[in-house]
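See below for the structure under consideration.
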Amino acid sequence: MSEEPSETRWSFLFGRKRLPESQDPQAESASNGPNGYVKNPSDMAIYEQFGSQGGSSNHSNGSSNGRFNERLRKPIFPTFESADMMNLAESLSRDIIRGSPDISWESIKGLESAKRLLKEAVVMPIKYPKYFTGLLSPWKGILLFGPPGTGKTMLAKAVATECNTTFFNISASSVVSKWRGDSEKLIKVLFELARHNAPSTIFLDEIDAIISHRGEGRSEHEASRRLKTELLIQMDGLMQTNELVFVLAATNLPWELDAAMLRRLEKRILVPLPEAEARRAMFEELLPVVPGEEALPYELLVERTEGFSGSDIRLVCKEAAMQPLRRLMTVLEDREEIMPEEELPKVGAIKPEDITTALRNTRPSAHLHAHRYDKFNDDYGSHVL
Ligand SMILES: Nc1ncnc2c1ncn2[C@@H]1O[C@H](COP(=O)(O)OP(=O)(O)OP(=O)(O)O)[C@@H](O)[C@H]1O
Ligand SMILES: [Mg+2]
Numbered sequence: 000m001s002e003e004p005s006e007t008r009w010s011f012l013f014g015r016k017r018l019p020e021s022q023d024p025q026a027e028s029a030s031n032g033p034n035g036y037v038k039n040p041s042d043m044a045i046y047e048q049f050g051s052q053g054g055s056s057n058h059s060n061g062s063s064n065g066r067f068n069e070r071l072r073k074p075i076f077p078t079f080e081s082a083d084m085m086n087l088a089e090s091l092s093r094d095i096i097r098g099s100p101d102i103s104w105e106s107i108k109g110l111e112s113a114k115r116l117l118k119e120a121v122v123m124p125i126k127y128p129k130y131f132t133g134l135l136s137p138w139k140g141i142l143l144f145g146p147p148g149t150g151k152t153m154l155a156k157a158v159a160t161e162c163n164t165t166f167f168n169i170s171a172s173s174v175v176s177k178w179r180g181d182s183e184k185l186i187k188v189l190f191e192l193a194r195h196n197a198p199s200t201i202f203l204d205e206i207d208a209i210i211s212h213r214g215e216g217r218s219e220h221e222a223s224r225r226l227k228t229e230l231l232i233q234m235d236g237l238m239q240t241n242e243l244v245f246v247l248a249a250t251n252l253p254w255e256l257d258a259a260m261l262r263r264l265e266k267r268i269l270v271p272l273p274e275a276e277a278r279r280a281m282f283e284e285l286l287p288v289v290p291g292e293e294a295l296p297y298e299l300l301v302e303r304t305e306g307f308s309g310s311d312i313r314l315v316c317k318e319a320a321m322q323p324l325r326r327l328m329t330v331l332e333d334r335e336e337i338m339p340e341e342e343l344p345k346v347g348a349i350k351p352e353d354i355t356t357a358l359r360n361t362r363p364s365a366h367l368h369a370h371r372y373d374k375f376n377d378d379y380g381s382h383v384l
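Quick note: the sequence shown uses numbering that gives the first Met the number 0, first residue 0, plus one each step.
Okay, here's the thing in C-alpha cells:
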C-alpha cells in the first residue's frame, strides 16, 4: 500500500502554501463558487477538508461560522519541540491514507470470526464512542496473526475503508526509510500525530520486522532496542487515556513478539487458512461462470486446495486463466508477421482440464506451520463466543 502513490494522501499538502490565519474564509469560499467548498476532496488541503466535512449547511448559516473558523484553524501538526521532529512528522504524514483504500468486507472471503472481532474492537468504538467508556473502553492494541497470504493486510484496509479515520499505514519499509538514527523520536512523533488527529488507527504491518529490525554494527542494534522500548511506552500511554487511537498490528511470526509487546496487543485475532466454503467463494469470484461454456469443476478445486492460502488460490486461478492464453500464443507464434491489434483473436474460455493442469503446477506455500498458529491461538488468541 505504501508503495502506490495516491493523490488522496497528505503528501500533496506540503507543496502547497497554507492559508494565513487571518485570511477571511468567506473570501476563499467565494472564489470557489457560489456555495463554497465544491472542489474535489483530493484537491483540497486538509484545512479545506475539515471545512467541507461539516457539510454545506455550515456555510449557508452564518451563525455557525465561528465553529467553522475554529476547525479551519486547527493546524495539521501539533507543535513539536524541534525542527527535526517537525521534519519527521512531515515524512510520517505521507504514510497517512486519506480517502479509502477501497477494500470492502465482502471482498474478503471467509474469515467471519476475524471480521466480527475486528468490527467489535475497532469499527464500533469509532462509530459509536458513546457506548465504549469505563470498563467497556475499547481495546487499544490489536494483533492480526496467521500464515502469509491469508488476508491480514486486506482486513486492515477494510477497517480503513469503513472507518473514516486517520489511518497511518506503517510498514517495516517505511520505518527503515525514515530512520534517521533517532528511532525513538520516530515513534514519539508518530503517536503524537495520531493523537492530534484522533480518532486514528496506526497499522503496523509486519510488526515482527519492525521491532526485530537488525542492522549492521552495535549502534543499529541499540537503535532498534530503543525503538521497541519507545513503542512499548507509547502503547502503555494509549491504554491509560480515553483518546481514540488504535494500534492494529499484523504478523505471520507471532511467536517472535516478546511478552511485553503481546501484553499491549490485548486482542489477538487469528487469520487462518481459508475453509472450504471461503475457497469456493474465492474460486467463484476469480473464475466466474461464463454462460454457454463448459462448467468448471469447482468441487474439485475446493477439494484439492486444502491448506492453500488466499494468495495461493489466486495463483491457481491465474495459472488456469493462463492456459487459454498459452494456446493462443502458440497459434500467434506460428505466424510470420505481427497481427494488428484490432484483428487479434479472442482468448478462449478456461476448460476443465486447464484447472487440473493449474492444480498440478501450484503448491501451497503456507500450510507447513498451520498447527503452530493454532497452538498460538489456543494459548494467546481471542475467540468469538
Ligand atoms: N480471505 C481472502 N479473500 C479474498 N482474497 C484473499 C483472501 N486472503 C488472501 N487473499 C488474496 O491474497 C492476497 C494477499 O493477501 P494479504 O496481503 O492480505 O495477505 P497477508 O495476510 O497480509 O500476507 P502477509 O502475511 O504475507 O503479509 C490478496 O491480495 C488477495 O488477492
Ligand atoms: Mg500483509
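Even glycine gets a Cβ: it sits at the ideal position worked out from N, Cα and C.
| Query | Result |
| --- | --- |
| Cβ-heavy atom distance, L295 to ligand 1, below 7 angstroms | no |
| Residues that DSSP places opposite V246 in a beta bridge | G140, I201 |
| Sequence-distant residues of the same chain with beta carbon closer than 8 angstroms to L116, five excluded per side | K266, I268, S381, V383 |
| Buried versus exposed, by CB contacts within 10 Å (16 or more), K129 | exposed |
| Check: R278 C-beta below 7 angstroms from any heavy atom of ligand 1 | no |
| Close Cβ partners of A258 (< 7 angstroms) along its chain, the five nearest in sequence each way excluded | none |
| N241 in three-state terms, based on DSSP | coil |
| Span of the alpha helix (DSSP H) around K151 | 151-161 |
| heavy atom of ligand 2 below 7 angstroms from K156 C-beta | no |
| Exposure label - G291; buried when at least 16 CB within 10 Å | exposed |
| Beta-carbon gap between F282 and L300 smaller than 8 angstroms | yes |
| Residues that F167 bridges to, as DSSP identifies them | I95, I201 |
| Boundaries of the beta strand (DSSP E) in which R267 is found, first to last residue | 266-269 |
| F76 vs H195 beta-carbon contact at 8 angstroms | yes |
| Ligand 2 heavy atom lying under 7 angstroms from the CB of T228 | no |
| For T228, three-class secondary structure by DSSP | helix |
| Cβ pair count under 8 angstroms reaching 3, the stretch 186-201 against the stretch 239-250 | yes |
| M260, buried or exposed, once every other Cβ within 10 Å from all chains shown has been counted against 16 | buried |
| Quiz: which residues have CB nearer than 6 angstroms to ligand 2 non-hydrogen atoms | K151, T152, D204, A249 |
| Extent of the continuous alpha helix (DSSP H) run through Y127 | No alpha helix (DSSP H) holds Y127; DSSP gives it neither H nor E. |
| Cβ contact check for the stretch 331-344 and the stretch 313-323: 3 or more pairs under 8 angstroms | no |
| M338 in three-state terms, based on DSSP | coil |
| Assigned secondary structure, V346 (DSSP; H/G/I helix, E/B strand, else coil) | coil |
| For L272 and E352, the rounded distance between their alpha carbons | 26 angstroms |
| beta-carbon G148 near ligand 1 non-hydrogen atom, thresh 7 angstroms | yes |
| Environment of A275 [buried if 16+ CB atoms lie within 10 Å] | exposed |
| Range of the contiguous alpha helix (DSSP H) that encloses H370 | 369-379 |
| Distance between R224 and S81 (C-alpha atoms, nearest Å) | 23 angstroms |
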